[in-house]
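Everything on this sheet refers to the single structure shown next.
In mature numbering (1 follows the signal peptide of the UniProt record, and there is no 0), the protein residues as written are -20 to -1, 1 to 262.
Rendered as structure tokens:
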């Protein structure tokens, strides 16, 4: 009986050692993946961080695993952002009546940390929550519709940017910086394929995701030759659609000290990149 117990213990120890050697032989190098989901904007038109108007988001990424827990990821992301004052509970904001949509394209690099060792194909190591922080650059192009026609807002200088009457106001840069924070969870279906879900919140260095930041500048938009108001004049202050115009020169139009932000939640599939490390010869 005692001999059988000794043999059983030795067998278990041998299997554990074999399993450990096998795990060390297969090196998880990283992943490539795709994801789809929803994005949401937060800023002057949505100051209370409501999540009630999500729009499409998608992404591609390559992750290089540096160690069992740390990786570096390169991501390419697309997000459709948009919002309107009509969704606000604030009467003054609904009166302002501004809106926008924008296509956002982002490239970022980030560091990821796995809470557990992630080794696809090995039981007990096939899932992990993870977090990440990075630095990105993105383009944005806010636009709005007037009488069914689409107008790009940046070239119009809706707050007087580029006007000789406001020499200190220059058109804002359509390229901006983001700092993405990510929280996610991934699960290996087998040694090659994984599924995941992740939430990413991005701080930015721009207050013009929505084309709203400073003050009204109605005098920067002279009427057309026929005396009718220009599209730029009609788009810089749309309160006339809800009552008497409130766009008086110098009145606050947005909240410039507070930068805009956006977030995305996506689910996706990734494919593991693995290599085999030959055991050392004895």
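All C-beta atoms, glycine included, are put in the ideal place defined by N, C-alpha and C.
- Per the C-alpha coordinates, the member of 146, 202 and 65 positioned closest to residue 28 is 65.
- A Cβ-Cβ distance of about 6 angstroms is found for the pair residue 35 and residue 19, placing them in contact under the 8 angstroms criterion.
- Exclusion of the five residues before and after residue 63 leaves 21, 23, 25, 26, 33, 79, 80 and 190 as the residues of its chain whose Cβ lies within less than 8 angstroms of its Cβ.
- Measuring C-alpha to C-alpha distances from residue 97 to each of 68, 89, 46 and 249 identifies 46 as the nearest.
- Residue pairing by DSSP puts residue 43 in a beta bridge opposite 11 and 53.
- Its Cα nearest to that of residue 114, the residue 157 stands out among 157, 67, 188 and 107.
- Shown here for residue 146: same chain residues with a beta carbon closer than 7 angstroms to its own, the five before and five after excluded, namely 140, 197 and 200 in chain order.
- Per DSSP, residue 98 is not a residue of any beta strand (DSSP E), being assigned neither H nor E.
- Put simply, of 253, 12 and 40 the residue whose alpha carbon is nearest the alpha carbon of residue 171 is 253.
- In this chain, residue 204 is not harboured by any alpha helix (DSSP H), its DSSP state being neither H nor E.
- The beta-bridge partner set that DSSP reports for residue 109 consists of 165.
- In this structure, the beta-carbon distance from residue 84 to residue 118 falls below 8 angstroms.
- Ranked by Cα distance from residue 111, the options 212, 227 and 177 are led by 177.
- Annotation: residue 105 to residue 174 spans about 12 angstroms, alpha carbon to alpha carbon.
- Look at residue 149 here: in three-state DSSP terms it is coil, with no helix or strand label.
- Taking the Cα positions, residue 231 is about 31 angstroms away from residue 59.
- Here residue 226 is near residue 75, since their CB atoms are less than 8 angstroms apart.
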